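Novice:
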Amino acid sequence: MALGPRRLPNRALERGFHGLCLIAALLPIAVLGILLFDVFRTGIERLDTQFLTSFSSRRPADAGIVAGAVGSLWLVGLTGAIAVPIGVGTAVYLEEYARRGRLATLIEVNISNLAGVPSIIYGLLGLELFVRALALGRSLLAGAMTLALLVLPIVIMTSREALRSVPLHLREAGLALGATRWQVVRRVVLPLAMPGILTGSILAISRAIGEAAPLLVLGALTYVDFLPDGVSSPFSALPIQIFNWTSRPQAEFAVNAAAGIIVLMATLLVLNGAAIVMRSRVEKRRGR
Amino acid sequence: MKPMARSAPMPRARRLREALIERSLLGCALLSVVTTLAILAILVRQTGEFFAEVSLGEFFLDTQWTPLFADRHFGIWPLLAGTFLTSAIAIAVALPFGLLAAIYLGEFATLRVRGVLKPTLELLAGVPTIVYGYFALVTLTPLLQRVLPELSGFNALSPGIVMGVMIIPMITSLAEDAIAAVPRALRESAYALGAGKLATVFHVVLPTALSGIAAALVLAVSRAIGETMIVAIAAGQQPRLTLDPQVPIETMTAYIVQVGMGDTPAGSLEYRMIFAVGATLFAITFAANLLSRRLARRSRER
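If you read the sequences in order, they're chains A and B.
Residue numbering for the first sequence follows my numbering, beginning at 8 and increasing consecutively.
Residue numbering for the second sequence follows my numbering, beginning at 1055 and increasing consecutively.
1. At the 8 Å Cβ level, is Phe1128/B part of the contact set with chain A, yes or no?
2. Going along the region 18-44 of chain A in order, which residues come within less than 7 Å of chain B, judged by CB to CB distance?
3. Below 8 Å, how does it come out for the region 1282-1294 of chain B and the region 1130-1144 of chain B: are there three or more Cβ pairs, yes or no?
4. Taking all protein chains shown into account, do 16 or more other C-beta atoms lie within 10 angstroms of the C-beta of Ile127/A, making it buried, or fewer, making it exposed?
5. Whose C-beta lies closer than 7 Å to the C-beta of Tyr230/A among residues of the same chain, with five residues either side of it excluded?
6. Arg1068/B touches chain A at which residues, Cβ-Cβ below 7 Å?
7. Any Cβ of chain B within less than 8 Å of the Cβ of Ala74/A?
8. Can you list, in chain order, the residues of its chain with a C-beta nearer than 7 Å to that of Val1216/B? Leave out the 5 residues immediately preceding and following it.
9. Restricting to Cα atoms, I'd like to know which of Val1236/B, Val1098/B and Trp1131/B is closest to Gly1111/B.
10. Assign Asp232/A to one of two classes, buried (16 or more other C-beta atoms within 10 Å of its C-beta) or exposed (fewer than that).
11. Any idea if Arg1232/B is buried or exposed, counting beta-carbon neighbours within 10 angstroms, 16 or more meaning buried?
12. Tyr104/A versus chain B: which residues are under 7 Å apart at the beta carbon?
13. If distances are taken between C-alpha atoms only, which option among Ser239/A, Ala111/A and Leu210/A comes closest to Ser166/A?
14. Going along chain A, which residues have a C-beta under 7 Å from Tyr1158/B?
15. Is there at least one non-hydrogen atom of the ligand ATP closer than 7 Å to the beta-carbon of Ile1215/B?
16. Identify the contact partners of Thr1276/B in chain A, using a Cβ-Cβ distance below 7 Å as the criterion.
17. Please state whether DSSP places Phe62/A in a helix, a strand or coil.
18. Give every residue of the same chain whose Cβ lies closer than 7 Å to the Cβ of Ala149/A, excluding the five residues on either side of it in the sequence, and list them in chain order.
19. For Ala1288/B, I'd like the list of residues in its chain whose CB is within less than 7 Å of its CB, leaving aside the five on either flank, ordered along the chain.
20. What residues match up with Phe1128/B in a beta bridge as DSSP calls it?
21. What does Ile249/A touch in chain B if you count any residue whose Cβ is under 9 Å from its own?
22. Can you find the residues in the same chain that come closer than 8 Å, C-beta to C-beta, to Gln257/A, ignoring five residues on each side of it along the sequence?
23. Of all the options Glu103/A, Ala169/A and Val262/A, which has the alpha carbon lying nearest to the alpha carbon of Val191/A?
24. For Leu271/A, which residues in the same chain have their Cβ closer than 6 Å to its Cβ, ignoring the five residues on either side in sequence?
25. Count the CB pairs spanning the region 201-217 of chain A and the region 80-97 of chain A that are closer than 8 Å, and state whether there are at least three.
26. Using a cut-off of 9 Å between C-beta atoms, extract the partners of Pro246/A located in chain B.
27. Just to make sure I have the definition right: I need the residues of chain B whose C-beta is within less than 9 Å of the C-beta of Ala261/A. Which are they?
28. Kindly give me the distance between the Cβ atoms of Ile212/A and Leu278/A, rounded to whole angstroms, as I take these residues to be in contact under 8 Å.
29. At a Cβ threshold of 8 Å, is Arg139/A touching chain B?
30. In whole angstroms, what is the alpha-carbon distance linking Leu27/A and Gly1332/B?
31. How many Å lie between Leu1154/B and Leu1228/B at the Cα?
32. Taking the alpha helix (DSSP H) that Leu1211/B falls in, what are its first and last residues?
33. Can the beta-carbon of Ile118/A be found less than 8 Å from the beta-carbon of Pro160/A?
34. Measuring only between beta-carbons, confirm whether Val1236/B sits less than 8 Å from chain A.
35. Specify the secondary structure class of Pro241/A as computed by DSSP and reduced to three states.
36. What distance in whole Å lies between the Cβ atoms of Glu1324/B and Val1313/B, which are believed to be in contact at a cut-off of 8 Å?
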C-alpha cells in the first residue's frame, strides 16, 4: 500500500467515492418514491365508493375490490389467530424452558431454515396438506393455515428477541418469591415483552397480507361475486385481485390494479401505524 | 438455563398444570419441525411419482420444457435458465448498490443521517412483491422500451432490475452488519499508518468483512431464485433456453404459479410436475441458505 505520496488525488477520489456511496443509498429510495407516485397518479381517480364496494367484473369500469378486501381481512385475522399463539408459545419454550441441547438446537436451526424457504413452496405444502390431505378444500382456513406457517418464523424470531430483552433478575425475583415458572412467564416476562411481541406480530401480519404466490398455488379465486360466509368458504384476496388485473392486457385493468395497490399499501400503512401507537401506549403505561 | 425454585414442594395439581403447560409449549416448538418434515415428505413423494413416469435423465438432460404440448418434453433447463437470468440481473443491480449503500451507512453517514436512511431503506423490503411486479410490467418495461426498441412486453430485464431494487435493503443491512463488526482498532491502525479513508475501506474494512458480505450475497441469490410474483407478472410464460434478457422467458416459480392457477386435477402428471419443479427450487435455495449461514458463522468467528 503506497499511500503517503498520493495524498491529493486521493482526497478528490475519496470525495467522489463518498458521493457514489450516497447515491447508491438514495437511488433505491428514489425508485420507491417513483413507484408510489406512479401508482398513486394512475390509481387515485379510480378509487371511489363504486370501486370499494363492487365485485369482480369483465368490464374494468364495473369491477371492484370488495371481495379481495374482505377476503384479506378474513385471512389476516385467521392467520394472526393461528400464528401468534403458536409462535409466541415456541418463543417462550425456547427462551424460558428449553435446556441448551440437541433438541433446542434442532428446533432453532429448523426455524431459521424455514424462514429461508420461498413462499411458493409453502403454497405447494398448503395445496397438498391442507387443501387435499386434510380435505379443507380451497377455503379461507386452508389459505390462513398456509400463511400462518409462512409467517411463523417471523413471529418466533421477533418474540424471542422481545423475551430476551427482559432482564434475568426479574425472573429470579419472581422465582424467589415462590412463583412457578409459568407464573413468572405469565405475570412478569410476557407483559414486559408485550410491545416487542406486538410489533413482531404486526410485522408478520403485514407480510401475510401482501403474499400472493402461495394463495395462487392453493387456489384462491381471481373472479369472485360473493363474500365469504365462514372459514370454509372459497375466497379471494387483495394481492390476488391486483395480480389478476395486472395480468390482463387492457390498460383499464392496470388502472384498477393501481387503485387496488393503493388500498393494499394504505392497509399496510394503517397496520404499521397501529403497531407504533400500540407500542408507545404500552410503554407509556409502564411509565417509561 | 434459568434457576429452578425448588424450596417448597408444589401441590400436585399445580405441578401437573406446570408440566402440561411445558408440554404444550414444546408442542408449539415442534410444530415447526413438523412443517419442515411435511414439506420434505410432500416434495419427495410427489417428485418420486413424477419420476416414475418421466426419467431423471430427461428431466435434467433434455433442453426443452413443453409439458403442456402434445409433443411433451420435460427438460428443466429452460426454467432453470429463466430463473438464472432474472436472478443474475437482480444481483447485478442489488450487489453494487447494496454494498455501496452499506459502506455509506457504515463508514460515511453521520448518526443522524443513518437514523433516517436505514429505516427508509428498510421500507423497500416491506413493499409486497405484487406491487413490484406491477411496477416492472406497467411502468418499467415501457420505459425501457424507449431505450431498447427490441425489448418485448414480457422480458427478463425489467423484472430482474425491479427484483434487484427490492433486494438492495437486504444486502445493505447484512453487509452493514459485517462492516460494523470490523474492529475499530483495525481501522485506526490503518489511519495511523497514513492510509486515507478510501484505502482503509478497500484494503482493511472490506477484506475483513468479506465472508459476511459473501453471506449477504448468497442469501440475496437465494431470495432472487425463490421470488415469484415479480417474474410471474413481468417475465412471461414462455420457457426457453436463452440468456437474452429481452425476450419472454419463464422461471421455475412462475411455472408453478401458472400450472397451479389452472385447475390441475390432483394425481395427474401436470400436478406432480409442479412438485418436481418445487423440489428443485427447494434444493437450490436450501443449499444457498446453508452456505450463507456457514459464511456468516465464519465471519462471526473472526
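Glycine included, each C-beta is placed from N, C-alpha and C at the ideal position.
Here the structure is a predicted model, which is why all the values come from computation and not from measurement.
Specialist: Taking the coordinates as given:
1. no
2. Leu20, Glu21, Phe24, His25, Leu27, Cys28, Leu29, Ala31, Ala32, Leu34, Pro35, Ile36, Val38, Leu39 and Leu42
3. Between the region 1282-1294 of chain B and the region 1130-1144 of chain B, the count of C-beta pairs closer than 8 Å reaches three or more; the two stretches touch.
4. buried
5. Ser63
6. Thr187
7. no
8. The residues are Tyr1186, Phe1189, Ala1190, Leu1194 and Ile1284.
9. The shortest CA-to-CA distance from Gly1111/B to any of Val1236/B, Val1098/B and Trp1131/B is the one to Trp1131/B.
10. exposed
11. The question names Arg, but residue 1232/B in the sequence shown is Ala. In summary, Ala1232/B is buried, with 16 or more beta-carbon neighbours lying within 10 Å of its beta-carbon over all protein chains present.
12. Those are Glu1076 and Leu1079, listed as they occur along chain B.
13. Leu210/A
14. Cys28, Leu29, Ala31 and Ala32
15. The ligand ATP is not part of this structure, which contains no ligands at all.
16. Reading off the sequence shown, one finds Ser at residue 1276/B, where the question assumed Thr. Correct list: Gly123.
17. coil
18. Gly133, Phe137, Val138, Leu143 and Leu225
19. Gly1187, Ala1190, Leu1191, Thr1195, Phe1208, Ser1212 and Pro1213
20. Trp1119/B
21. In chain order: Pro1182, Ile1184, Val1185, Gly1187 and Tyr1188.
22. Pro67
23. The shortest Cα separation from Val191/A among Glu103/A, Ala169/A and Val262/A belongs to Glu103/A.
24. Only residues of its own chain outside the window of five on either side were considered, and among them Leu245 have a CB closer than 6 Å to the CB of Leu271/A, listed in chain order.
25. yes
26. Pro1182, Thr1183, Ile1184, Val1185 and Met1283
27. Taking the beta carbon of Ala261/A as reference, the chain B residues within 9 Å of it are Tyr1188, Leu1191 and Val1192, listed in sequence order.
28. 6 Å
29. yes
30. 40 Å
31. 12 Å
32. From DSSP, the alpha helix (DSSP H) with Leu1211/B extends over Leu1211 to Ala1234.
33. It is a contact, given that the beta carbons lie within the stated cut-off.
34. Not closer than 8 Å to any Cβ of chain A, the Cβ of Val1236/B fails to qualify, so no.
35. For Pro241/A, the three-state secondary structure derived from DSSP is strand.
36. Going by Cβ atoms, the distance from Val1313/B to Glu1324/B rounds to 6 Å, so yes, they are a contact pair.
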